[in-house]
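Residue numbers (the numbering used here), protein chains in the order written: chain A, 11 to 154; chain B, 11 to 154. By construction, the Cβ of each residue, glycine as well, lies at the ideal position given by its N, Cα and C atoms. In what follows, a structure is listed as structure tokens, so that the remarks can point back to it.
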DNA sequence: CAGTTTTGGGACAACAGAGTCCTTTTTCTA
DNA sequence: TAGAAAAAGGACTCTGTTGTCCCAAAACTG
């Protein structure tokens, strides 16, 4: 599994935020029921994204969360890195510490290429683009 | 993390087997100390690979395990699939069940491309090729 | 045949990720 | 000002992965 459940939920929620009312604070409760994700668990994920700076939060009635920047300026990679950490795009596939150009593992070269391709792809996708196509083509963000 | 620890260990061990004496049975104990992997844990991994058919085992003194086929006929992808299961190369990145061309998630297209690229790469790498370059370039399979 | 060396496999401990629940803090509204 | 609504955050449970240990089965060696 490439992405942890936490990250899968986080990405789905960020895409949802990019499709729904861009500038309004949206309550975690409403997002959790729209996406069928445990409310309490989603709360934790949003707390991390808020601390990381990708979200703004506001307490009290009509409070909630919203993207801290325009969706056109947030890439998928940023969201993934915010949750999984930057190691995902630097680590050795075989888990060997210090694996790099100078002390490579047998898969270093191959994996570096594949991983960089993936990183480029994720950098090329903004929440805005994904959100738009999600709305336009009615793509799904939940199980059902 | 793309690969579980179990799979990382398994791949390292399979590459090791491809470099070391191709036709002799090698004891798990010697592999575990060569690669600095817990003996008991490695035993479990080899048991799975044996059941799966990638390894042959033999008990008793001078027993051990060896590749069931020439290293030139085992691809990296096979090893990964044997341990992680085929879902790794079919699953939705966002974890949505039934995600596919007909009911795609917003990342379906992008992810399909990236995942298929990766699968092709892993299919193109045989244990023989990796083993040879490991020996030739003295690449590392352990922490140290 | 007895003892030793090896893999096979079950049971268990330790740990991390996933998920739940409860209390506190902030903010709004009546 | 009192109550309600929302996020913040701590404590906890559950579950799967990782890792350890022990005993059984197979095969060899004296």
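Interface flag, residue i vs chain B, CB-CB below 8 Å
{"i": "residue 124/A", "result": "yes"}
{"i": "residue 15/A", "result": "yes"}
{"i": "residue 91/A", "result": "no"}
{"i": "residue 127/A", "result": "yes"}
{"i": "residue 12/A", "result": "yes"}
{"i": "residue 41/A", "result": "no"}
Proximity winner among the options, relative to residue i (alpha-carbon distances)
{"i": "residue 69/B", "options": "117/B, 100/B, 36/B", "result": "36/B"}
{"i": "residue 29/B", "options": "57/B, 76/B, 112/B", "result": "76/B"}
{"i": "residue 127/B", "options": "116/B, 146/B, 99/B", "result": "99/B"}
{"i": "residue 52/B", "options": "108/B, 150/B, 83/B, 18/B", "result": "18/B"}
{"i": "residue 116/B", "options": "114/A, 152/A, 129/A", "result": "152/A"}
Heavy atom of the ligand MN within 7 Å of residue i beta-carbon
{"i": "residue 55/A", "result": "Only the bare structure without any ligand can be found here, which leaves the ligand MN out of the picture."}
Short CB-CB distance (under 8 Å) between residue i and chain A
{"i": "residue 131/B", "result": "yes"}
{"i": "residue 120/B", "result": "yes"}
{"i": "residue 47/B", "result": "no"}
{"i": "residue 88/B", "result": "no"}
{"i": "residue 36/B", "result": "no"}
Chain A residues whose Cβ lies nearer than 7 Å to that of residue i
{"i": "residue 146/B", "result": "Going along chain A, no residue has its Cβ under 7 Å from residue 146/B, so there is no contact; the nearest lies around 11 Å."}
{"i": "residue 83/B", "result": "The premise fails here: residue 83/B is roughly 18 Å from chain A at the closest Cβ pair, so nothing lies under 7 Å."}
Enclosing alpha helix (DSSP H) for residue i [first to last residue]
{"i": "residue 54/A", "result": "49 to 62"}
{"i": "residue 132/A", "result": "118 to 134"}
{"i": "residue 77/B", "result": "That residue, residue 77/B, is in no alpha helix (DSSP H); its beta strand (DSSP E) goes 74 to 77."}
{"i": "residue 92/B", "result": "86 to 94"}
{"i": "residue 83/B", "result": "It is not in any alpha helix (DSSP H) - residue 83/B carries neither H nor E in the DSSP assignment."}
Endpoints, beta strand (DSSP E) assigned at residue i
{"i": "residue 68/A", "result": "65 to 68"}
{"i": "residue 41/A", "result": "First-last for residue 41/A: 38 to 45, but that is the alpha helix (DSSP H), not the beta strand (DSSP E)."}
Proximal residues of chain A, C-beta to C-beta of residue i below 8 Å
{"i": "residue 7/B", "result": "Since the displayed chain B opens at 11 and closes at 154, residue 7/B lies outside it and no answer follows."}
Under 7 Å from the C-beta of residue i: neighbouring residues of chain B
{"i": "residue 153/A", "result": "106, 107"}
Worksheet entry | the region 128 to 145 of chain B in contact with the region 81 to 100 of chain B per 3-pair CB rule at 8 Å | Yes: the two stretches touch, three or more of their Cβ pairs being nearer than 8 Å.
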